[in-house]
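Protein chains in written order, with the numbering used here: chain W, 388 to 600; chain F, 5 to 223.
All C-beta atoms, glycine included, are put in the ideal place defined by N, C-alpha and C.
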């Protein structure tokens, strides 16, 4: 049996009511890989746990809040985001080539991966389904304004929209604009205003009125 | 492959973006197992990240589009363990190992975590001087390889500007086919919306790609 043959068999069984068949096949593959000594199920458990509990946009939000509160940190972040993020210590180590993109009244940055699903996991967690799906991947580069409108974001007419297609191993973190009315706020309070979408560029940070006082 | 359905930038007809409020990391338990197996097998070094991408891109287009994200990952992983000789198709059919495994360079253990959750390093020492500098005009080459590439179709043949030099990195086009790292300079190249999509395009839009030096000609 060739790999393609296996695949064709797979395809005929993977729709609708046959989903349980896929679950069984995933379990079977894990059994085989374990029996053959390629994977350790305990290590797999920990990877799943890390994805569910440790990584997530709360890490990126702390970086953004620090940048809003501390001009020196912001300068460092824009110069070398990997170095700046790692300097905080509390974020899981960020690989090389994280690049921070500062949104301003003149330029709004938005990130996509048209070819697959490249995303800055260390600071934002696993990408949401929409980020990995055809509607976003196809339209973000040709109609970013329309995409932003679907997310409820309308920008001033003279704001330039800059789309970053993640076609290599560089990763992008958008630094959203700090909302007005937040002078003197602690980093902890500021972080509550930072949404996942605002760090992908499909959203803006929350206004103070949107979070509980 | 290069001109396959994964290269979606600029396509129409996929409908509205569906956002799920408070989306969980995984919708089904098996999705987490697939991600974890993918990570653990990647850790063994038997294939590269681009080899993994290529195995998804070469799924039949109908399968690629109909499958959910983790279904796609699973189908790619199944193909890869067979094509690399790690698992026999007979074993997949039997749902159990029928022979001992082959020796791999390393195996992910609990002790390797959380370090193994970090992204790999793809920058390599430069072999040559960078051909381009910031501000240079470049034209993305009109290449159509049948093997993996990271130059999206919508940028091919288009005129752009070098905005930044990102260092020298593993070249996906060779790494994906087992032809080595062949490190290449990587650039951020920015295009106007009108260059990419024509005169009707929004003049306030710019799009950048991360382009390896072999994707670019001086303009």
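Distance from the CA of residue 90(F) to the CA of residue 49(F), rounded to the nearest whole angstrom, comes to 13 angstroms.
Pairwise C-beta distances place the stretch 91 to 110 of chain F out of contact with the stretch 128 to 142 of chain F, as fewer than three of them are shorter than 8 angstroms. The alpha-carbon separation between residue 519(W) and residue 199(F) amounts to approximately 26 angstroms. Excluding five sequence positions before and after residue 490(W), the CB atoms of its chain that fall closer than 7 angstroms to its own CB belong to 496, 561, 562, 563 and 564, given in chain order. Annotation: residue 201(F) is outside any beta strand (DSSP E); the continuous alpha helix (DSSP H) that includes it extends over 197 to 201. What residue 6(F) touches in chain W, judged by beta-carbon distance under 8 angstroms, is nothing: the nearest beta carbon there is about 10 angstroms away. Rounded to the nearest angstrom, the Cβ distance from residue 206(F) to residue 142(F) is 23 angstroms, too far for a contact under 8 angstroms. Residue state for residue 47(F) is assigned as helix, using DSSP reduced to three classes. Within the same chain, and ignoring the five residues on either side of residue 528(W) in sequence, the residues whose Cβ sits closer than 8 angstroms to its Cβ are 499, 501, 550 and 552.
The Cβ neighbour count for residue 541(W), taken over all protein chains shown within 10 Å, is under 16; the residue is labelled exposed.
Counted as a single uninterrupted DSSP element, the stretch harbouring residue 151(F) is not any beta strand (DSSP E), since DSSP gives it neither H nor E. At a cut-off of 9 angstroms between beta carbons, residue 463(W) makes no contact with chain F. When the five nearest sequence neighbours on each side are left out, the beta carbons in the same chain lying within less than 6 angstroms of the beta carbon of residue 514(W) are those of 504 and 506, in order along the chain. When rounded, the separation of the alpha-carbon atoms in residue 111(F) and residue 428(W) is 11 angstroms. At a beta-carbon threshold of 7 angstroms, the residues of chain W lying near residue 48(F) are 425, ordered along the chain. Taking 9 angstroms as the cut-off, the Cβ atoms of residue 522(W) and residue 197(F) do not count as close. Residue 44(F) is a Cβ neighbour of residue 431(W), given a cutoff of 9 angstroms. In terms of beta-carbon proximity, residue 429(W) lines the interface with chain F, with at least one pair separated by less than 9 angstroms. Taken through DSSP and simplified to helix, strand or coil, residue 529(W) comes out as coil.
In the structure shown, residue 17(F) falls within a coil segment according to DSSP collapsed to helix, strand and coil.
Take residue 52(F), set aside five residues on each side of it, and the residues of its chain with a beta-carbon closer than 6 angstroms to its own are 179, in chain order.
The Cβ-Cβ distance between residue 209(F) and residue 164(F) does not fall below 9 angstroms.
When the five nearest sequence neighbours on each side are left out, the beta carbons in the same chain lying within less than 6 angstroms of the beta carbon of residue 420(W) are those of 426, in order along the chain. Note: residue 559(W) is bridge-paired with 486(W) in the DSSP secondary-structure output.
With contact defined as three or more Cβ pairs closer than 8 angstroms, the stretch 572 to 590 of chain W and the stretch 28 to 44 of chain F are not in contact. Ranking 123(F), 59(F), 121(F) and 96(F) by CA distance to the CA of residue 423(W) puts 96(F) first. Contact with chain W is absent for residue 134(F), since none of that chain's Cβ atoms lies less than 9 angstroms from the residue's Cβ.
Among the residues of the stretch 570 to 587 of chain W, those with a Cβ less than 9 angstroms away from any Cβ of chain F are 584, in the order of the chain. Of all residues in the stretch 16 to 28 of chain F, the ones placed with a Cβ closer than 9 angstroms to any Cβ belonging to chain W are 16, 17, 18, 19, 20, 21, 22, 23, 24, 27 and 28, in chain order. In the three-state DSSP reduction, residue 100(F) falls in the coil class, being neither helix nor strand. Taking C-alpha positions only, residue 147(F) is separated from residue 554(W) by approximately 16 angstroms. If you check the CB distance, residue 534(W) and residue 73(F) do not come in under 9 angstroms. Annotation for residue 465(W): the continuous alpha helix (DSSP H) segment containing it runs 458 to 466. Distance between residue 116(F) and residue 433(W), taken at the CA atoms: about 11 angstroms. Of all alpha-carbon atoms in 439(W), 465(W), 438(W) and 440(W), the one lying nearest the alpha-carbon of residue 451(W) is that of 465(W). A straight line joining the alpha-carbon of residue 24(F) with that of residue 32(F) spans about 15 angstroms.
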